[in-house]
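Undergrad: The following block contains the structure, expressed as structure tokens.
2 protein chains.
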Amino acid sequence: MPYDPSAFPPFAVTVDLVVLTVRRHALCALAVRRGEPPFQGRWALPGGFVRADEDLAQAAARELAEETGLRAHDPSVPAQDNGAHLEQLATYGDPKRDPRMRVVSVAHLALAPDLPAPRAGGDASNARWAPVEELLQQTGYGRDGEPVAPLAFDHAQIVSDGVERARSKIEYSSLATAFCPPQFTVGELRRVYEAVWGVALDPRNFHRKVTGTPGFLVPTGGTTTRQGGRPAQLFRAGGATLLNPPMLRPEV
Amino acid sequence: MPYDPSAFPPFAVTVDLVVLTVRRHALCALAVRRGEPPFQGRWALPGGFVRADEDLAQAAARELAEETGLRAHDPSVPAQDNGAHLEQLATYGDPKRDPRMRVVSVAHLALAPDLPAPRAGGDASNARWAPVEELLQQTGYGRDGEPVAPLAFDHAQIVSDGVERARSKIEYSSLATAFCPPQFTVGELRRVYEAVWGVALDPRNFHRKVTGTPGFLVPTGGTTTRQGGRPAQLFRAGGATLLNPPMLRPEV
DNA sequence: GTGTTTATCGTCAAGCAGACGACTATGATC
DNA sequence: GATCATAGTCGTCTGCTTGACGATAAACAC
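First to last, the sequence lines map onto chains A and B. Note that my numbering has the first sequence beginning at 1, numbered continuously upward. Note that my numbering has the second sequence beginning at 253, numbered continuously upward.
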């Protein structure tokens, strides 16, 4: 088939980001307020058009840096830097998902440690970390009493898919460490699991499990009391990416 | 931002299909021979452009029907029909993946029972079930002595990702039944696992595991001797989609 | 009948998970 | 400084699941 642009319909391709973090014991996603129609004034996921010479992962990393200042952690480089985990999530292409034109959005999932206040072009009021339960409830009032409008476009579905991916993936991988600072304690890691899954875990069994899994955690030698109580050993993420046997999510 | 087509670069969007089945104890993928440049004469995955009014899943289901005659099993309809399992796999958008133009391909994964001979527009010589190891080796000779050329475009990567998805997903879901006919025996299901994972499983432990997992298998009452030996009970897939605890893939 | 093939049931030991007791080491409070 | 609250860490015990494997059952081929 020769190059014939009339042979296929043109699409706009965007990347949208589900950036998750754990703040105050709650799983939160980054939301930005839309400045233009459609859905003007409503909250949405950060994202933007893929440029003509850009790979999808590059576009996602660029948007992530623009919105949060985070560098994406290239998974092909095993060196543990401070970058966020970034992976492709899914692609959304309903013909009516954007009323203006035909847009296919390649959603990406980013996991980041707790960050300073978000920025969106320097305007803090137009970006916030929102608890995912608040974003996913169709209507009602948020914790601060502000009425909650549904997310723009199909972004509620995308957030839901991203949260589900994160919830299942920390079961059988060491990805939960992506929510932690470079050095962290077993208790901090446990609170990540508790926030993402929304359950309480037994501290003793959790400690036995994570310290007993080879390659999951590497002690750095230091200790900290930043959580109060007895000083806790500090660890960094080990090289293992797959947990076998997996961490079991409690039922019900 | 008003609708300004010059504000974003136009993309072509395609769907490509990784259609897997188990034939003669080997995991096979459907490959079609390309009739036009680029990569003319080389094997590739079936696929095509997404139409202007089509959802991505619709486009994938349409391509699947065109290439194999299979109807996609809509996961929102729990009725067990004879359709194939179809799910989105990942999206590939390297700027240079198609030398003609900027193409973003939304790959889908389909799992089907063993089928009669494939067809590609009625021409059997242009479609075949190829063992995935054969497709994935970069060069060399296939089982029939025919020299093996790498798949067109980035399709080897897509097949690799699809196979890995299938291998991991049958661990913790009942998806392996998608490779089986509507009624099947425990031994047939075990041979699916063995072919997909490329390992031998203990028949006794496998039998205990699958029959002991509630909702996985439902006995139909019938028996069959089509595999030889003692008659085996026939089952159909139960309603359970998640296996807990999962089926463990042997190491090494 | 004998052998072969496949299916199915049972047994046993090792390992892991969940429940939970006990102890340790810090900071906060009186 | 004693006491308390908080968080971390080490053990123990019980039940369940797994992996290895013996034994039996029911068909077909000869």
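C-beta: ideal position from N, C-alpha, C; glycine also. Computed from a predicted model, the values in this text were never measured in an experiment.
Which same chain residues, not among the five before or five after T429(B), have their C-beta less than 6 Å away from its C-beta?
TA: Numbered from 1 along the second sequence, position 177 holds the residue referred to as residue 429(B). Cβ within range, chain order: A489.
Undergrad: Can you tell me whether V355(B) is helix, strand or coil according to DSSP?
TA: Your numbering for residue 355(B) matches position 103 in the second sequence. Strand.
Undergrad: Are the C-beta atoms of T465(B) and some chain A residue less than 8 Å apart?
TA: Walking along the second sequence from the start, residue 465(B) turns up at place 213. No, no contact with chain A.
Undergrad: Go ahead and pull the three-state DSSP assignment for G228(A).
TA: Position 228 of the first sequence holds residue 228(A). Reduced to three states, the DSSP call for G228(A) is coil.
Undergrad: Measuring alpha carbon to alpha carbon, tell me which residue in R456(B), E440(B), Y424(B) is nearest A492(B).
TA: The sequence position of residue 492(B) within the second sequence is 240, counting from 1. That would be Y424(B), whose Cα lies nearest to the Cα of A492(B).
Undergrad: I'd like to know whether the C-beta of G93(A) is nearer than 8 Å to at least one C-beta of chain B.
TA: Locating residue 93(A) in the first sequence gives position 93, where the first residue counts as 1. Yes, G93(A) lies at the interface with chain B (some Cβ there is under 8 Å from its Cβ).
Undergrad: I need the boundaries of the alpha helix (DSSP H) containing Q292(B), first residue and last residue.
TA: Counted from its first residue, the second sequence places residue 292(B) at position 40. Run containing Q292(B): none; DSSP gives neither H nor E here.
Undergrad: Counting beta carbon pairs with one atom in the stretch 265 to 284 of chain B and one in the stretch 242 to 249 of chain A, are three or more of them shorter than 8 Å?
TA: In short, these stretches do not touch, since the Cβ pair count stays below three.
Undergrad: DSSP puts P131(A) in a beta bridge; with which residues?
TA: Taking the first sequence and counting its residues from 1, the one referred to as residue 131(A) is at position 131. Paired residue(s): C28(A).
Undergrad: Could you please tell me which residues of the stretch 260 to 274 of chain B, in chain order, have their CB closer than 9 Å to any CB of chain A?
TA: Taking 9 Å as the Cβ-Cβ cut-off against chain A, the residues of the stretch 260 to 274 of chain B that qualify are F260, P261, P262, F263, A264, V265, T266.
Undergrad: Looking at chain A, is there any beta carbon in it that lies within less than 8 Å of the beta carbon of A342(B)?
TA: On the second sequence, residue 342(B) is found 90 positions in, with the first residue counted as 1. So yes, A342(B) belongs to the interface.
Undergrad: Can you tell me the Cα-Cα spacing of K169(A) and L248(A), whole angstroms?
TA: Here residue 169(A) refers to the residue found at position 169 of the first sequence. Here residue 248(A) refers to the residue found at position 248 of the first sequence. Straight-line Cα distance between these residues: approximately 11 Å.
Undergrad: Here's a check: name, in chain order, each residue in its chain whose Cβ is nearer than 6 Å to the Cβ of V106(A), leaving out the five neighbours to either side.
TA: Here residue 106(A) is taken as the residue at index 106 of the first sequence, counted from 1. For V106(A), where only same-chain residues beyond five positions count, the Cβ hits under 6 Å are V15, L56, T91.
Undergrad: Any beta carbon from chain B within less than 8 Å of T241(A)'s own beta carbon?
TA: Numbered from 1 along the first sequence, position 241 holds the residue referred to as residue 241(A). Closer than 8 Å: no.
Undergrad: With distances taken Cα to Cα, identify the nearest neighbour of R208(A) among L189(A), E36(A), G198(A).
TA: Numbered from 1 along the first sequence, position 208 holds the residue referred to as residue 208(A). That would be L189(A), whose Cα lies nearest to the Cα of R208(A).
Undergrad: Please return the same chain residues whose Cβ sits closer than 8 Å to the Cβ of T211(A), not counting the five positions on each side in sequence.
TA: Here residue 211(A) is taken as the residue at index 211 of the first sequence, counted from 1. Excluding positions up to five away in sequence, the list reads V186, L217.
Undergrad: When you compare only the Cα positions, how much space is there between F291(B) and E385(B)?
TA: Here the question's residue 291(B) lines up with position 39 in the second sequence. Here the question's residue 385(B) lines up with position 133 in the second sequence. Their Cα atoms are separated by approximately 21 Å.
Undergrad: Below 8 Å on the Cβ atoms is my contact criterion, and I expect R303(B) with P9(A) to pass it. Report the Cβ-Cβ distance as a whole number of Å.
TA: Locating residue 303(B) in the second sequence gives position 51, where the first residue counts as 1. Locating residue 9(A) in the first sequence gives position 9, where the first residue counts as 1. That pair is a contact at about 7 Å.
Undergrad: For W449(B), which residues in the same chain have their Cβ closer than 7 Å to its Cβ, ignoring the five residues on either side in sequence?
TA: Position 197 of the second sequence holds residue 449(B). For W449(B), where only same-chain residues beyond five positions count, the Cβ hits under 7 Å are R419, R501.
Undergrad: For D202(A), does the count of other Cβ atoms within 10 angstroms reach 16, so buried, or fall short, so exposed?
TA: Residue numbering aside, residue 202(A) sits at position 202 when the first sequence is read from its first letter. Under this definition D202(A) is an exposed residue.
Undergrad: Please state the DSSP three-state secondary structure of Q183(A).
TA: By one-based count along the first sequence, residue 183(A) stands at place 183. Three-state result, Q183(A): coil.
Undergrad: For E339(B), list the residues DSSP reports as bridge partners.
TA: Stepping through the second sequence from its first residue, residue 339(B) is reached at position 87. Its beta-bridge partners are L361(B).
Undergrad: Rounded C-beta distance between A362(B) and V270(B)? I'm assuming under 8 Å.
TA: Indexing the second sequence from 1 puts residue 362(B) at position 110. Indexing the second sequence from 1 puts residue 270(B) at position 18. Right, the Cβ-Cβ distance comes to about 7 Å (below 8 Å), so this counts as a contact.
Undergrad: In this structure, does DSSP put D413(B) in helix, strand or coil?
TA: Position 161 of the second sequence, counted from the start, is the residue given in the question as residue 413(B). Helix.
Undergrad: Is there a Cβ from chain B that is less than 8 Å from the Cβ of A52(A)?
TA: Within the first sequence, the letter at position 52 stands for residue 52(A). Yes, A52(A) counts as interfacial toward chain B.
Undergrad: Output, in chain order, the set of chain B residues within a Cβ distance shorter than 9 Å of V104(A).
TA: Against the first sequence, residue 104(A) aligns to sequence position 104. Within chain B, the residues near V104(A) are F263, V265, V302, L308, T343, V356, V358.
Undergrad: Within 10 Å of its beta-carbon, does V382(B) have 16 or more other beta-carbons around it, so buried, or fewer, so exposed?
TA: Start at 1 with the first residue of the second sequence, and residue 382(B) comes out as number 130. In the sequence as displayed, the identity of residue 382(B) is Ala instead of Val. A382(B) comes out buried.
Undergrad: How close, in whole Å, do the beta carbons of V411(B) and A281(B) come, if the pair is a contact with beta carbons under 8 Å?
TA: By 1-based counting over the second sequence, the position of residue 411(B) is 159. By 1-based counting over the second sequence, the position of residue 281(B) is 29. With 8 Å as the limit, V411(B) and A281(B) qualify as a contact, their Cβ atoms being about 6 Å apart.
Undergrad: Mark T476(B) as exposed unless 16 or more other C-beta atoms lie within 10 angstroms of its C-beta, in which case mark it buried.
TA: On the second sequence, position 224 is the one that residue 476(B) refers to. Exposed.
Undergrad: DSSP state of P455(B), grouped into three classes?
TA: Numbered from its first residue, the second sequence carries residue 455(B) at position 203. In this structure, P455(B) counts as helix in the three-state DSSP scheme.
Undergrad: Is it true that the CB of H108(A) sits closer than 8 Å to the CB of L175(A)?
TA: Indexing the first sequence from 1 puts residue 175(A) at position 175. Indexing the first sequence from 1 puts residue 108(A) at position 108. Not closer than 8 Å, so no.
Undergrad: Is it right to say V265(B) is buried, meaning 16 or more other beta carbons lie within 10 angstroms of its own, or is it exposed?
TA: Looking up residue 265(B) in the second sequence gives position 13. The residue in question, V265(B), is buried, as its Cβ has 16 or more Cβ neighbours within 10 Å.
Undergrad: To which residues does DSSP link G48(A) through a beta bridge?
TA: Taking the first residue of the first sequence as 1, we reach residue 48(A) at position 48. According to DSSP, which records beta bridges pairwise, G48(A) is partnered with V15(A).
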